[in-house]
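Engineer: Before anything else, here's the structure in question.
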């Protein structure tokens, strides 16, 4: 199924009842997603009041940290305007609709809505964004994840991936974020590790980028090299 580019402005008209607002938001997102099995993004823009900024930032930090650990989350980021410091953008990207539905029931998602009620100058502007290009066949996020798991890059429960490839690109380029808390022996206080992979569509071969030599090497060669004493 072809997926058209869609920008749907979802204005929250009032903050009077947080449960009804949350239900309305998730119902609209659900209704606008063209294909429940394909990835999509939700963007929330808001202006923070000075007296509510600390509460909002705390809620955002909790949300980002927890959301990135959720199954099906591909990205969760917060950006601050360079020209208007009190203007923020929250971006969440999901592998499929079921993951977003699960996310909507989490306490930190509700906590952010409550913080927006108290700390935003106006109702946030919410946009649903769908991929601009059709996914060719089954060549999508699930296939890339399965390839990474099959080659034992990391099991699905131990990675959070940001997908940089546009549909139809071959090979697919992917950044994999290694969650240190799920790596045996890793220091949980150390920032997550990153590595760039590419997946060849023809046979789903995994290659890893070597930033030192600025080249791509096979995953098997990479493991063999790093296993040397």
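Residue numbers (the working numbering): 11 to 239.
For each residue, glycine too, the CB sits at the ideal point set by N, CA and C.
To which residues does DSSP link residue 77 through a beta bridge?
Structural biologist: Working through the chain shown from its first residue, we reach residue 77 at position 67. Beta-bridge pairing links residue 77 to no other residue.
Engineer: Could you please give me the residues that DSSP links to residue 89 through a beta bridge?
Structural biologist: For the purposes of this step, residue 89 is taken as the residue at position 79 of the chain shown. Answer by DSSP bridge pairing, in chain order: 99.
Engineer: Locate the alpha helix (DSSP H) running through residue 114, then write down its first and last residues.
Structural biologist: The residue you call residue 114 lines up with position 104 of the chain shown. First-last of the alpha helix (DSSP H) with residue 114: 107–114.
Engineer: Within 10 angstroms of the Cβ of residue 39, are there 16 or more other Cβ atoms? Answer buried if so, exposed if not.
Structural biologist: Locating residue 39 in the chain shown gives position 29, counting from the first residue. Label assigned to residue 39: buried.
Engineer: Does the distance from the C-beta atom of residue 47 to that of residue 107 stay below 9 Å?
Structural biologist: By one-based count along the chain shown, residue 47 stands at place 37. By one-based count along the chain shown, residue 107 stands at place 97. It is a contact, given that the beta carbons lie within the stated cut-off.
Engineer: Using only alpha-carbon positions, find the residue among 75, 76, 82 and 90 that is nearest to residue 54.
Structural biologist: Position 44 of the chain shown, counted from the start, is the residue given in the question as residue 54. Comparing Cα-Cα distances from residue 54 to each of 75, 76, 82 and 90, the minimum goes to 90.
Engineer: Is residue 96 near residue 58, with beta carbons less than 9 Å apart?
Structural biologist: In the chain shown, counting from the first residue as 1, residue 96 sits at position 86. In the chain shown, counting from the first residue as 1, residue 58 sits at position 48. In contact: residue 96 and residue 58 (Cβ atoms closer than 9 Å).
Engineer: Taking all protein chains shown into account, do 16 or more other C-beta atoms lie within 10 angstroms of the C-beta of residue 231, making it buried, or fewer, making it exposed?
Structural biologist: Translated into positions along the chain shown, residue 231 becomes position 221. Result: exposed.
Engineer: Output yes or no for whether 9 Å exceeds the beta carbon distance between residue 103 and residue 45.
Structural biologist: Looking up residue 103 in the chain shown gives position 93. Looking up residue 45 in the chain shown gives position 35. No, Cβ-Cβ distance for residue 103 and residue 45 is not below 9 Å.
Engineer: Can you tell me whether residue 217 is helix, strand or coil according to DSSP?
Structural biologist: In the chain shown, counting from the first residue as 1, residue 217 sits at position 207. Strand at residue 217.
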